[in-house]
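Residue numbers (this note's numbering), protein chains in the order written: chain A, 77 to 431; chain B, 1238 to 1842; chain C, 2 to 111; chain D, 30 to 383.
Every residue, glycine too, gets a C-beta built ideally from N, C-alpha and C.
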Amino acid sequence: MKPEGKRLVWNEYQKEIANDNYFYVRSCVRQNFFPGAEKTFLRYMKDMGRNVFENPSHTTCSGIGYHSDIVPFETAMTMVARQFALMSEAGYENFVTSCITSFGLYSEVLETWEHFPAVEEKIRGHLRNATGREFVKPKNLAHASDVTFKLRKDISKAGKYRLINHITGNSIRVVEHIGCHYSRMFPNKGVGGAEYPYVLIGMIDEWGGEVIDYPERRHCCGFGFRQYLVKANRGYSVSSSKKKFDSMKPYKPELILTNCPGCPMFLDRWQYAISEMEGTTYGENGQGIPVMTYEELAGLILGYDPWDLGLQVHQVPVEPLLEKMGIPYDPAKKFLDINGNSMGKPKPPSAMKFY
Amino acid sequence: MIKFNLFVLPFSFGLIYIVYSIISHYYKWIKALPAVDKVKLVTGLRTPSKILASLKEIFLESLIHRKLWKRNPLLGYMHMSFALGWFLLIVVGNLESRIYHGAYINAPYYPIFLKFFIHDRLVLFFEIFSVPAFFRFIMDFLLLFVLSGLVLAFIKRKKSRWFGMKTTTNHNLFDKVALTCLWLIFPLRLMAESYTAGYFNGGGGFLTQNLGHLLVLITPGPAVMIAYFFWWSYSLALGLFFIMMPYSRYMHIPSELLLIVFRHCGIQPRRWGSVFSDLEAHSCSRCGVCIDACQLNFAAGISDIQAVYLIRGQRDQYITEHIALTCMLCGRCQEACPVGIKIDSLRLIKRREIGSGQITDFSYLTQNHPGFADVVYFAGCMTHLTPSIHIAMEGIMKEAGINYLFADRNGSICCGRPLMLAGKDKQASELIEFNKTLIRQTRAKLLVTSCPICYKVFREEYNLPIRIQHHSQFILELVREGKIALQSQHRKVVYHDPCDLARGGGVYDAPRALLSKISDLIPSEKECADALCCGGSLGLMNASVQEKDMVTRNALESLLANKPDILATACPLCKKTFSKQSETEVRDIAELVYDAIPARVLLLK
Amino acid sequence: MIDFGYTLTRDRQFDYDRGDLRYYRLVRSLEPSIDLCIGCGSCSATCSAAQFTNLNIRKLHTVIRRGDTTSIKAGLRKCMFCGKCQLVCPRGVNLRNLILALNRAIEQLG
Amino acid sequence: MEHSVIVIGGGVSGMTAAGMLAQQGFNVTLLEKEAETGGHAARWDRLFPDRKKASEVLDFIRKGMSRVKVITGITVVNITRNDKEFTVVTRGQVADGGSQMADIPHPASCILLATGYELFEARKKEEYGYGIYNNVITSAELEDKFRSGSPILTSEGKPPARIGIVHCVGSRDEKVGNLYCSKVCCVTGVKQAIELKEMYPASEVFNFYMDLRMFDRHFEELYYEAQQKWGVSFIRGRLSECAENPDGSIIVKTEDTLTGKPLKMTVDLLVLLTGFVPGRGMASISAMLGLTTGADGFTNSADSHTLNNSTEIPGIFLAGAVKGPVSISESIADARAAAIQIEVYLNSDKPGND
């Protein structure tokens, strides 16, 4: 492996990312998957002194429906137009999405409008008729991971912990997984392009981790919308994740870092499912490979309390990682809500260790 | 007085051994015969005509070597001088010994070494006409006869072409030893008898007596000792030869006798092999005639798989796959074999041993009723790759107003012979059954095929209750019955006999008769039974394209020697194979006939 | 073990590194012309058996060369051995002997 | 006075044409941007299909160049046209070898553009990981190794047990903007496969191809030889992507389209047959002269059938790969044709010629 080779590729895919004043739109599903992630993003943006604005009347971008073939493109574009309207009305011009699929859809829509202005006009018409709203297209469109990437240095400066095993002093081996809709469709819209995206690698490098490049890096996490949403296809979904785990296994990864709503969900939950289906557990001592969103990881680096980050809802235990990084945590508090009441404990898995 | 001397022992032991060995072989062979064949043998031996026929053939082939005479007089004479000469030496020798010995039964060595025991004085000239002198003369003459053959045998080693043979067999050790003994026997006898006659100044005939005098004169030392030495050597040579015989090719001498009897009793080789094939193997004299007959040898330079090696392998219980599979099964060697061994059957038996294991699944073949007709036409797989042939056939049948049915119009179910050629008879039977039902359902009286490969298997394996014809026979009938009129184009045509139709199916005349009606048929160098294979044979499993091409090229050179306008054949496979390399137009007989129908002639003009 | 109502699907991707080349090596030693195939498909196009079955002789010896021997037996059994394939092969692949060799391989290697 | 001709580009085409024109008595100047003439051919060890030494071909061409004035290590900065005459201005180090650059004008009655091509930048095919994975090299680099006679080893210094050769890298690929076929890669891949087998008879060599375009004489026979004599394997399927194993070997993914299955394979060495792309320098020259280029970026001739060596501009001629992918033998033939065209053009104003 020649790192300089990758750097050359990365240099070809530089991306303009706004520095402040972001209009932030949440993901439809992430709050259910990893409830702490978006909250954490807002928290460290505040800590980094950035201004982020949210509008409660923001709805789904309909990307999930669009990619499941149940929402036509024109409808989707009109939905997107409405989100832009919300942004314009709030007086913002830097649009930041929490969801990769949203980011993909927004990029696709903007690109479409750029090449087919007539379509844009038509959609403006739709929006006007439906809501009477007008909008200005965002000056800068970024994904929250882009923004975090931009702030990675500040975060590590302000950080308490690093991606380093505090006992051995070795860097922690991290596998990064990028959401398909981040840069597959428009390589130049993603940091580092589509083949060797740099957005997460940049954070891992900056925060002291060691990035692992493994053969099935490009393979789907297993979500793929219809793969999972249609129950009959779920076997295919698990198999996709398994393909990735089997491929990364020889590299002994200690953490999987992701930037998409679906990926962490399936890379985390399917490790459990596979362990229950055929007894295979990945990671050291059969404890599984912890999976995190970049927000959660940034939170840990900054020294936020693990349980405030919502790490307790992960299916693969994160404690082994916390111990490696030397991050203190109180096991007793793991399943307590903010008011200190118990949220109930999950039944311990049969195959996966630690619990 | 006792006529005995130590030196007769080697011969005697040898004789006892070979007699024992022959008897035990005969016993083994007859005992191992399948019950059916045993019955045939017994009934055969009760039928005088069959015995006579056997004796006649034994005389003509084993003593006179008629087939070899036909092939090449020198070769015939050489073998005859050995076989007949030696045979007579024994017979006459026995008679001669009677003069000097009253007993009805002599010790077997007595006539052989007679001159050692008997050497009567030199007689006066008027006694020349005495009985002993007569025998002395005959015996010397016969010895000379054998020796002349021996001389030829020597020459043959060097100049085999004079004997009509290009390649000679490369022999194994046993053969070489036995051969040396055989060649020594008669010179040694000559020396022994001559020295004896010379020393005793009598007992010899015109040859031995005079040579004897000469030898005694020119050689120093006691002639009697020298003679004695030669008697020993003579006996040793005979003894050793007899002992070697069962392990060498010379076992063919006794074996062939029994084989001839078996054949005349109607015993045939069996599909999965039987003792008959073993006997055939022992009856091979390894003369090597088959090597010259084999195109793979003289056209493609493959010289290690010919019949003689196959048979040796069969006899010594080893046949390599290479030998079994590398053969076009064209039948040329079989035609040439002076012993008449069924070589192709031998090769197929071996292929069955190798190939029978394969599992097949033809369950996908589903019958739907083909309809009814008087004539069912089966083009054959190969014909589907040369469509002009079945187009012509249909044209002809329409012209003749035949109520026919094109059984395999939409692609054929293989006739089964290709599988059988690979030794997969069991597997083939499934296809055969399928096609049989299909053919029967048509209620046709006649089955016509354009493919000699199909033709052969239809006739030999299908036992259908209806007539089976190759299209050449069928068309000829149509012409004779006046169902189609033909108009000769008077173009020079040479005809190539397809192996499976000619040697394999015995159809030689029909195609020629037909061709002479529509063209000027000219002869080619090798015809009918001697015809060459085109090289495309489905029997040849593992030769390279290059080697096959060499066979084809060679056959073409021979066929086109007389510069014909058209090379005609009666087999789609031959046509396809030749077309690949032939400068001259290659056409199937059916196409030529079709184009000779007046209406077509106009059309083409 | 828990039944989630779905199971892992087998990977269709063929891993050459895990391929079984014993069949190929044996067949190749018996019929070297197997290497001459250019995948034109004329053999499978003319195949009599292929009119009625899913036998694809071209695919069959291609998978052997890749070490993928899972699917060869069923197909091979349908072959009628008529030899048309061999007559149309533009590369002179000796298909009939190739089929004999394949059967030999199956006999020996199971 | 004799006409003077300027040939731009010192590759096979330029050298051949320059030599021929000089032999016809014109005073010919050959301009080459590199320090040496020979162009891409100088990188080759042996040529397809007969494995002739490329150096022998170049030596042959050089023999004919005795009367050619060769200027190397310069760039063409300007070309002006005055009726039938041209002036080519080159920039390069001054004759006395000092470091400062000087612009020198060269008058010419006509110009032959033999600027050739460049190899596709393999890095652009990111998914193959050239420049990232140690054991991914280009066919040109492999040719360098053959030429230098240095052993061909993996980055771990081991002889490769399995080698993959990827066809159509940068050719017939909309994803890198090249729809055209580079023509010579197929046979090059077959040639190099044979040479690798000669070097490592025990190794497995796989060619991954979309089509094998054995367009010229003896090419198909070479392909046959590769299969029959050398046992080179051919898999019909374009590589989708590569990845690196911990041990440095390369995992390639493709569809074995002849079996209809996606296929994965580990190779110790992966050779990318990089295709032709238009020469970078040619863009500026086209601009100076107002020549047109096709969608593929190669320079257009006046007519692709009848005026294949001429351009719309009288006195400007084309030869060789400036017009698109060609083999060395084709370049030579084309250069000779161009030379004759030029001769006819220059003699046309002489009395008796019209």
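Would you list, in chain order, the members of the region 1308-1327 of chain B that have their beta-carbon closer than 7 Å to a beta-carbon of chain C?
none
Let's see if you can read the secondary structure: which residues bound the beta strand (DSSP E) around Ile140 (chain D)?
Ile140 (chain D) -> beta strand (DSSP E) spans Cys139 to Leu142.
Indicate whether at least one CB of chain E lies closer than 8 Å to the CB of Leu1675 (chain B).
The structure shown has no chain E; the protein chains it does contain are A, B, C and D.
Answer yes or no: does any C-beta atom of chain A fall closer than 8 Å to that of Gly43 (chain D)?
no
For Ala143 (chain D) and Gly323 (chain D), what's the separation of their Cα atoms in angstroms?
17 Å
Note down, one range per segment and in chain order, each alpha helix (DSSP H) of at least 4 residues found wholly within the region 193-263 of chain D.
214-228 and 248-257
Specify the secondary structure class of Arg1 (chain C) as computed by DSSP and reduced to three states.
This structure cannot settle anything about residue 1 (chain C), because the visible part of chain C is limited to 2 through 111.
Scan the region 1592-1675 of chain B and note each continuous beta strand (DSSP E) run of 3 residues or more that stays entirely inside, going in chain order.
Here the runs fully enclosed are 1612-1615 and 1641-1643.
What residue from B:Ile1542, B:Ile1578, B:Gln1724 and B:Cys1524 has the CA that sits closest to Asp1515 (chain B)'s CA?
B:Ile1578
Whole angstroms is fine: what's the gap from Phe1324 (chain B)'s alpha carbon to Val1694 (chain B)'s?
44 Å
Starting from the N-terminal side, write out each stretch of the beta strand (DSSP E) that is 3 residues or longer and does not extend beyond the region 202-279 of chain A.
216-219 and 249-253
Indicate whether the contact test is met: 3 or more Cβ pairs, each with one atom in the region 309-326 of chain A and one in the region 17-29 of chain C, closer than 8 Å.
At 8 Å Cβ cutoff, the stretches do not touch.
Terminal residues of the continuous beta strand (DSSP E) containing Gly121 (chain D)?
Glu114 to Gln122
Check each candidate in C:Phe15, C:Ser43, C:Gln14 and C:Arg26 and name the one with the smallest Cα separation from Val94 (chain C).
C:Ser43
From this set, B:Cys1618, B:Leu1642 and B:Met1619, which residue's C-alpha is nearest His1606 (chain B)'s C-alpha?
B:Leu1642
With burial defined as no fewer than 16 other Cβ atoms inside 10 Å of the residue's Cβ, what is the status of Gly381 (chain D): buried or exposed?
Its pLDDT being 48, under 50, Gly381 (chain D) is placed unreliably in this model, and the value from its coordinates should be taken loosely. With fewer than 16 Cβ atoms within 10 Å of its Cβ, Gly381 (chain D) is classed as exposed.
At the 8 Å Cβ level, is Ser333 (chain D) part of the contact set with chain C, yes or no?
no
Mind checking which residues open and close the alpha helix (DSSP H) that includes Cys1524 (chain B)?
Cys1524 (chain B) -> no alpha helix (DSSP H), and no H or E assigned at all.
Check the Cβ of Pro291 (chain D) against every Cβ in chain C and list those closer than 8 Å, keeping chain order.
Arg13, Gln14 and Phe15
By alpha-carbon positions, which one of B:Asn1640, B:Pro1809 and B:Val1512 ends up nearest to Leu1583 (chain B)?
Considering only alpha carbons, the answer is B:Val1512.
Considering only their Cβ atoms, is the gap separating Ile365 (chain A) from Gly359 (chain A) smaller than 8 Å?
yes
Can you tell which of B:Leu1289, B:Cys1770, B:Ile1259 and B:Gly1742 has its C-alpha closest to the C-alpha of His1501 (chain B)?
Out of B:Leu1289, B:Cys1770, B:Ile1259 and B:Gly1742, B:Leu1289 has the C-alpha closest to the C-alpha of His1501 (chain B).
Alpha carbons only, please: which of B:Arg1569, B:Phe1353, B:Gly1648 and B:Thr1284 is nearest the one belonging to Ala50 (chain C)?
It is B:Gly1648.
Could you tell me the alpha carbon to alpha carbon distance between Phe82 (chain C) and Glu1558 (chain B), rounded to whole angstroms?
19 Å
Within 8 Å (strictly less), CB to CB, does Val64 (chain C) reach chain D?
yes
Can you list the residues of chain D that Tyr142 (chain A) reaches, using a CB-CB cut of under 7 Å?
For Tyr142 (chain A), there are no neighbours in chain D by C-beta distance under 7 Å, as the nearest C-beta there is about 25 Å away.
Assign Asn382 (chain D) to one of three DSSP states: helix, strand, or coil.
Caution applies to Asn382 (chain D), whose pLDDT of 44 falls short of 50 and renders its modelled position unreliable; the model cannot decide the point.
For Gly145 (chain D), count neighbouring C-beta atoms within 10 Å of its own C-beta (all shown protein chains included) and say buried if the count is 16 or more, exposed if not.
buried
Could you name the residues that DSSP lists as bridge partners for Leu1252 (chain B)?
Beta-bridge pairing links Leu1252 (chain B) to no other residue.
Residues in its own chain within less than 7 Å of Met243 (chain D) by CB, not counting five upstream and five downstream?
Same-chain partners within the cutoff: Cys215, Val216, Glu249 and Tyr252.
From what residue to what residue does the beta strand (DSSP E) around Met294 (chain D) run?
Lys290 to Val296
Can you have a look at Glu273 (chain D) and say buried or exposed, based on whether 16 or more other CB atoms are within 10 angstroms of its CB?
A residue is called buried when at least 16 other Cβ atoms come within 10 angstroms of its Cβ; Glu273 (chain D) meets this threshold and is buried.
Is the beta carbon of Pro1835 (chain B) sitting closer than 8 Å to the one on Gln1724 (chain B)?
yes
Around the Cβ of Thr321 (chain D), are there at least 16 other Cβ atoms within 10 angstroms (buried) or fewer (exposed)?
exposed
Measuring only between beta-carbons, confirm whether Lys115 (chain A) sits less than 8 Å from chain D.
no
Below 7 Å on C-beta distance, what does Ala1659 (chain B) contact in chain C?
Those are Phe82 and Leu101, listed as they occur along chain C.
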